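Worksheet: the structure to be examined is printed underneath.
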Amino acid sequence: MLLQTLNQPLFNLYDFILWMTALQGLIFAVLLQCRREKTASHHLLTLFVASIGLGQLAFFITYNPYLSGFLSHAGQWSFALPALVFYLQGPLLYHYLRALTFGRYQYHHRDLIPVVVWLLATLFALSVWGPWWETLLWRPYVLIGSVGFMVSTAYGVASILAIARYSERLKDRFCTVESLDFRWLKIFAWGFLAIWVMEVLPPFTYPFAPWYLQEVITHLPSFVELLMVSFVIVAGLMNSRNIEKVSEVPEWPNERDETSSAPSGETLRELDQRMRDEALYARPRLNIERLAQQLNMPPRHLSHVINHYFHKNFFEFINDYRLEQTCVRLRSPGWADKSVQDIYESVGFRSKSSFFTLFRKYADMTPNQYREQGAKEKAPQ
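Sequential numbering of the sequence shown, starting at 3, is according to this note's numbering.
Below, the structure is given as structure tokens:
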């Protein structure tokens, strides 16, 4: 009965969900814009939330028989114009994530590609529309909208890849990335990617799906979107200021910079020796800037040395020292009465799950197995 009410012609449950999401998105966009924060990421988030609200209004206009009938008198272009918003949602998400994580947003002419695709899809739909297309996609607006969701899906995938790239770039600055919680960004990106994929499916599944599955496929994205808008606002406002910005590409010293000269073997050995003798790897809240300060080196130069001469990122560079020292202490008689937790905390690890994951990868066994193996090797035969 609930699924059947979604398809009633006047003002039904689905219309209510569309209006709720539309009002929610537009009101949040206005409130966001009224805040004093005026960063590029803030403006992009505002535009993205507004595009979600406008997208739901576009759905309502075309879904409601009275409004769609009114628009039909103005011609098919009147249906194509609201569909433009579906081409902008994915790009706005992608650029927001990049501005938030990498700290840079610069307009390029290629950013107009979604608008060009919308124009081409509209011209195609209105010029070659015929019985075959009508059987598959019902009317030109559905074709234009479906292509828009495909564009947003592509940008959604690009957003996931941007977050993965951000995660890797964090490892050039931080040795403990677990404390930098950006899981909400992954939920954000994956949630809307799932919505856009579901929006693409209905025209292609209708010929094969039973009626109840058709209703779920058609209406579920709007329910999910209603929840996601709330999540975006709450998570974004609470966590966006805690995001550590990194450069999108490594910022190596300029070739003309004196610090860019290749370090000597003696310099590399001295760096390695200081890391061990002074236990610099065990310093709390260690990052590339703090270590560079300890070593009296420019951070960019230290990062360059670690990447190009030790062939590691900062995360691997520090944690390899920590893991090596962990192994030493696990088999040292002086640490025999210490727990594994005492040992991994003494070398700088703070996350139990992170330590155990890294140790298993490093030693191919658990810390307790490593300790027991050492005890057996030392036992008299």
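Glycine included, C-beta positions come from ideal geometry on N, C-alpha and C. Small disclaimer: the values here were computed from a predicted structure and weren't measured.
Please report how far the alpha carbon of V330 lies from the alpha carbon of S355, in whole angstroms. Taking the straight line from one Cα to the other gives about 20 Å.
Runs of alpha helix (DSSP H) wholly within the segment 304 to 331 (minimum 4 residues, chain order): Counting only runs of at least 4 residues, the segment 304 to 331 fully encloses no alpha helix (DSSP H) element at all.
Contact the segment 170 to 189 vs the segment 108 to 122: 3+ CB pairs below 8 Å: Flag = no, the segment 170 to 189 and the segment 108 to 122 do not touch.
Suppose you measure from the CA of L361 to the CA of N289; what does that come to, to the nearest Å? Reading the sequence as shown, one finds Phe at residue 361 and not Leu. In this structure, the straight-line span from the alpha carbon of F361 to that of N289 is close to 21 Å.
Give the single residue among F50, V231 and A85 whose Cα lies nearest to the Cα of L95. Minimum Cα distance to L95 is reached at F50.
Determine whether the beta carbon atoms of E291 and R171 lie at a separation below 9 Å. No, the Cβ-Cβ distance between E291 and R171 is not below 9 Å.
Spatial neighbours of V179 in its chain, beta-carbon cut-off 8 Å, leaving aside the 5 residues before and after: Cβ neighbours of V179 beyond the five flanking positions: S169, L172, K173 and F317.
For F176, which of helix, strand or coil comes out of DSSP? Correct three-state label for F176: strand.
Pick helix, strand or coil for N298, following the three-state DSSP scheme. In the structure shown, the three-state DSSP call for N298 is coil.
What do you get for H313, buried or exposed, if any count of 16 or more other CB atoms within 10 angstroms of its CB means buried? Flag for H313 reads exposed.
With L228 and T23 assumed to form a contact (beta carbons below 8 Å), what rounded beta-carbon distance in angstroms separates them? So it is a contact: roughly 5 Å between Cβ atoms.
Report the residue from L332, R333 and R285 whose alpha carbon sits nearest the alpha carbon of I320. Sorting L332, R333 and R285 by C-alpha distance to the C-alpha of I320 places R285 at the top.
Kindly list the residues whose CB is nearer than 6 Å to the CB of T124, restricted to its own chain and excluding five residues on each side of it in sequence; keep chain order. Closer than 6 Å at the Cβ level, and outside the excluded window around T124, lie A82 and I146.
In whole angstroms, what is the alpha-carbon distance linking S305 and I162? Their backbone Cα atoms lie some 26 Å apart in a straight line.
Of the choices M152, M367 and A52, whose alpha-carbon is the least far from that of L332? Nearest of M152, M367 and A52 to L332, Cα basis: M367.
Give the straight-line distance between the Cα atoms of G267 and A164, rounded to the nearest whole angstrom. Roughly 36 Å between the two C-alpha positions.
Between the CA atoms of R287 and R278 - distance to the nearest angstrom: The alpha-carbon atoms of R278 and R287 are separated by roughly 18 Å.
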